[in-house]
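Below: one structure, written as structure tokens.
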Amino acid sequence: MKLFWLGILALSVAPALAGEWKIDSAKSQIGFVIKQMNVPVEGGFSRFDVHAEFDPAKPEAGQFKVEIDLASIDTGSAEGDAEVKRPAWFDIARYPKAGFVSKTIKKDGPGRYTVSGDFTLKGRARPLLAPFILTPQPGGGWLASGRATLKRSQFDIGGGEWADPSVVADDLEARFKFLLKP
Amino acid sequence: MRNRYSLPLIGLHWLTLLLIVVAYVLANLLEDMTLSPQKLQLYAWHKWVGMSVLFLLPLRLLLRFVDRFDHRTELTMLEVKASAAMHGVLYLLLIAVPVSGWLHSSAAGFSVVWFGVLPLPDLVGKDKALAEIFGELHEVSVNLLVVLAVVHAAAALYHHHIRRDGVLVRMAPWIKKKVQAKT
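Protein chains in written order, with our numbering: chain D, 0 to 181; chain E, 289 to 471.
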């Protein structure tokens, strides 16, 4: 009986909390910075999808899912784009997508949050923390922008001859900017 | 009266030659390489060596300016003018070659961090079309530099072997002056 009432409660509360937002892909970005020979080099992905469900009054109760089409990578050079699709890196033939699923969202301050969840890349799921800020937009939407640091070795990205972090760093920073519309 | 340039100036002259040869050889190796960690390393070294040429140049010009040695001795008026013009163009190319490479790196989105330690500012923003133009300029200017450096060396050898004067010895004091050996 208790479960039943909890279920009723969940059904009645959930729609109110979980507003779904649509991503404006043209005004959204997923990029990264990785050091090569100690030179920070910028790259990004042009195709990705974001599923965002949250109540602006209480984003901590929301959920985010991000899916990235790895073939859309821009590493800054044509030969780099070709190289990272190979088995030593993303192995795109076997793992064409990377994804993030949020588990919890913590409020750090007014408009500032940290989302934690699992990031899956090359078949490996690893915990990821991403602080972000949520800013209301004139059109009634929200801009979520933030960053996350990760290590490529955690996902077996760029092994073998590429493993040496003094050439291509192990650490990289991912940056995202999602324009979410009602 | 000293018959040679000051030793720091002589050192910088030959060091510049050595750096240019190294950068040139690295560039030629890079052209035939597919992407690999070695290629990224050689690319970085090429840039570091090239930037060293650029940063040594002001010091060289300063030393040349304060050196009291009169380079006009043993030269005809025409030779004084021709050598001044040649040296001027060589100095300009010693600026143009590394700077066009630096511009190319900036426009391509691969900045230069000198010896992996000192980040050099980007001279222009990331722009593929600009990167190609600067890449072309880099190649054209380096080819011109190589041709003129060969002419420059040929002129020095002409002075040494045909004219038998002390022009080459000024910059290479370890070589015995021919005219002294003959007379």
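Virtual Cβ for every residue (Gly too), placed ideally from N, Cα, C. Remember, predicted model here, so these are calculated numbers, not experimental data.
Distance, residue j Cα to residue i Cα
{"i": "Arg-174 of chain D", "j": "Met-321 of chain E", "result": "31 Å"}
{"i": "Ala-372 of chain E", "j": "Leu-381 of chain E", "result": "14 Å"}
{"i": "Ile-33 of chain D", "j": "Asp-169 of chain D", "result": "8 Å"}
{"i": "Asp-80 of chain D", "j": "Met-374 of chain E", "result": "44 Å"}
{"i": "Leu-317 of chain E", "j": "Leu-330 of chain E", "result": "8 Å"}
{"i": "Lys-105 of chain D", "j": "Asp-73 of chain D", "result": "32 Å"}
{"i": "Phe-47 of chain D", "j": "Ser-429 of chain E", "result": "43 Å"}
{"i": "Lys-414 of chain E", "j": "Gly-338 of chain E", "result": "21 Å"}
{"i": "Val-377 of chain E", "j": "Val-439 of chain E", "result": "12 Å"}
{"i": "Tyr-94 of chain D", "j": "Asp-68 of chain D", "result": "10 Å"}
{"i": "Thr-134 of chain D", "j": "Ala-70 of chain D", "result": "30 Å"}
{"i": "Asn-431 of chain E", "j": "Lys-327 of chain E", "result": "22 Å"}
{"i": "Ser-340 of chain E", "j": "Val-310 of chain E", "result": "12 Å"}
{"i": "Glu-59 of chain D", "j": "Phe-53 of chain D", "result": "8 Å"}
{"i": "Ile-450 of chain E", "j": "Leu-456 of chain E", "result": "12 Å"}
{"i": "Val-38 of chain D", "j": "Ala-129 of chain D", "result": "24 Å"}
{"i": "Val-354 of chain E", "j": "Arg-348 of chain E", "result": "10 Å"}
{"i": "Glu-82 of chain D", "j": "Ser-76 of chain D", "result": "10 Å"}
{"i": "Phe-154 of chain D", "j": "Pro-126 of chain D", "result": "11 Å"}
{"i": "Ser-11 of chain D", "j": "Gln-136 of chain D", "result": "Any reading at Ser-11 of chain D must be qualified, since the residue scores a pLDDT of 45, below 50, and its modelled position is unreliable; the value itself is stated next. The straight-line gap from Cα to Cα measures roughly 28 Å."}
{"i": "Gly-43 of chain D", "j": "Ala-124 of chain D", "result": "21 Å"}
{"i": "Phe-201 of chain D", "j": "Asp-23 of chain D", "result": "Residue 201 of chain D is absent from the structure shown; chain D starts at 0 and stops at 181."}
{"i": "Val-435 of chain E", "j": "Ala-443 of chain E", "result": "12 Å"}
{"i": "Thr-304 of chain E", "j": "Ser-45 of chain D", "result": "44 Å"}
{"i": "Pro-296 of chain E", "j": "Pro-461 of chain E", "result": "13 Å"}
{"i": "Leu-345 of chain E", "j": "Phe-99 of chain D", "result": "52 Å"}
{"i": "Val-277 of chain E", "j": "Ile-308 of chain E", "result": "Coverage of chain E is limited to positions 289 through 471, which leaves residue 277 of chain E absent and any answer about it impossible."}
{"i": "Leu-350 of chain E", "j": "His-359 of chain E", "result": "16 Å"}
{"i": "Ile-383 of chain E", "j": "Leu-342 of chain E", "result": "6 Å"}
{"i": "Pro-164 of chain D", "j": "Trp-336 of chain E", "result": "19 Å"}
{"i": "Lys-416 of chain E", "j": "Lys-57 of chain D", "result": "44 Å"}
Residue(s) in a DSSP beta bridge with residue i
{"i": "Leu-127 of chain D", "result": "D:Gly-116"}
{"i": "Trp-141 of chain D", "result": "D:Pro-135, D:Leu-179"}
{"i": "Ala-147 of chain D", "result": "D:Ala-173"}
{"i": "Leu-363 of chain E", "result": "BP columns for Leu-363 of chain E are empty, so no partner."}
{"i": "Gln-62 of chain D", "result": "D:Glu-52"}
{"i": "Thr-103 of chain D", "result": "D:Ser-115"}
{"i": "Ile-22 of chain D", "result": "D:Leu-179"}
{"i": "Ile-463 of chain E", "result": "Answer is none; Ile-463 of chain E lacks a bridge partner."}
{"i": "Val-167 of chain D", "result": "D:Gln-35"}
{"i": "Leu-436 of chain E", "result": "According to DSSP, which records beta bridges pairwise, Leu-436 of chain E is partnered with nothing at all."}
{"i": "Gln-28 of chain D", "result": "D:Lys-176"}
{"i": "Glu-41 of chain D", "result": "D:Val-32"}
{"i": "Gly-423 of chain E", "result": "None, per the DSSP bridge assignment."}
{"i": "Lys-96 of chain D", "result": "D:Asp-68"}
Cutoff 6 Å; reference residue i; Cβ partners in own chain excluding five residues on either side
{"i": "Arg-458 of chain E", "result": "Arg-292, Tyr-293"}
{"i": "Asp-453 of chain E", "result": "Glu-362, His-447"}
{"i": "Gln-62 of chain D", "result": "Glu-52, Ser-101"}
{"i": "His-50 of chain D", "result": "Lys-64"}
{"i": "Lys-84 of chain D", "result": "Ile-91"}
{"i": "Ala-18 of chain D", "result": "Looking at the sequence shown, residue 18 of chain D is not Ala but Gly. Asp-54."}
{"i": "Ile-463 of chain E", "result": "Val-457"}
{"i": "Lys-465 of chain E", "result": "Gly-454, Val-457"}
Contact set for residue i: own chain, Cβ-Cβ below 7 Å, skip 5 residues either direction
{"i": "Pro-181 of chain D", "result": "Trp-20, Gly-139, Gly-140"}
{"i": "Ala-87 of chain D", "result": "Gly-157, Gly-158, Gly-159, Trp-161"}
{"i": "Asp-90 of chain D", "result": "Lys-121"}
{"i": "Arg-151 of chain D", "result": "Gly-157, Asp-169, Leu-171"}
{"i": "Ser-388 of chain E", "result": "Phe-422, Leu-425, His-426, Ser-429"}
{"i": "Ala-469 of chain E", "result": "With a pLDDT of only 46 at Ala-469 of chain E, under the threshold of 50, the placement of this residue in the model should not be trusted, and no figure is reported."}
{"i": "Ile-132 of chain D", "result": "Gly-110, Arg-111, Ser-144, Gly-145"}
{"i": "Leu-433 of chain E", "result": "Leu-381, Val-385"}
{"i": "Arg-352 of chain E", "result": "Leu-297"}
{"i": "Val-167 of chain D", "result": "Ile-33, Gln-35, Gly-157, Trp-161"}
Own chain residues within Cβ distance below 8 Å of residue i, not counting five before or after
{"i": "Lys-102 of chain D", "result": "Ser-115, Gly-116, Asp-117"}
{"i": "Val-40 of chain D", "result": "Val-32, Ile-33, Lys-34, Thr-74, Gly-75"}
{"i": "Val-405 of chain E", "result": "none"}
{"i": "Val-313 of chain E", "result": "none"}
Any non-hydrogen atom of the ligand HEM within 8 Å of residue i CB
{"i": "Leu-300 of chain E", "result": "Among the components of this structure there are no ligands whatsoever, and the ligand HEM is therefore not found."}
Within 8 Å of chain E by C-beta, residues of the segment 15-44 of chain D in sequence order = Gln-35, Met-36, Asn-37, Val-38, Pro-39, Val-40, Glu-41
The segment 418-427 of chain E contacting the segment 362-370 of chain E, beta-carbon criterion three pairs below 8 Å = no
Looking at chain E, which residues of the segment 144-168 of chain D have a Cβ within less than 8 Å of any of its Cβ atoms?
-> Glu-160, Trp-161, Asp-163, Val-166, Val-167
In the segment 54-87 of chain D, which residues sit with their C-beta less than 8 Å from some C-beta in chain E, listed in chain order?
-> Gly-75, Ser-76, Glu-78, Gly-79, Ala-81, Glu-82
Which residues, in order along the segment 326-337 of chain E, keep a beta-carbon less than 8 Å from a beta-carbon of chain D?
-> Leu-328, Gln-329, Tyr-331, Ala-332
Residues of the segment 386-404 of chain E whose Cβ lies closer than 8 Å to any Cβ of chain D, in chain order = Ala-396, Gly-397, Phe-398, Ser-399, Val-400, Val-401, Gly-404
Check whether the segment 132-147 of chain D touches the segment 107-117 of chain D, taking contact to mean three or more Cβ pairs, one atom from each stretch, closer than 8 Å.
-> yes
Between the segment 299-330 of chain E and chain D, which residues of the former have CB atoms less than 9 Å from a CB of the latter, in chain order?
-> Thr-322, Leu-323, Ser-324, Pro-325, Gln-326, Lys-327, Leu-328, Gln-329
Report yes or no: do three or more beta-carbon pairs, one from the segment 25-32 of chain D and one from the segment 384-400 of chain E, lie closer than 8 Å?
-> no
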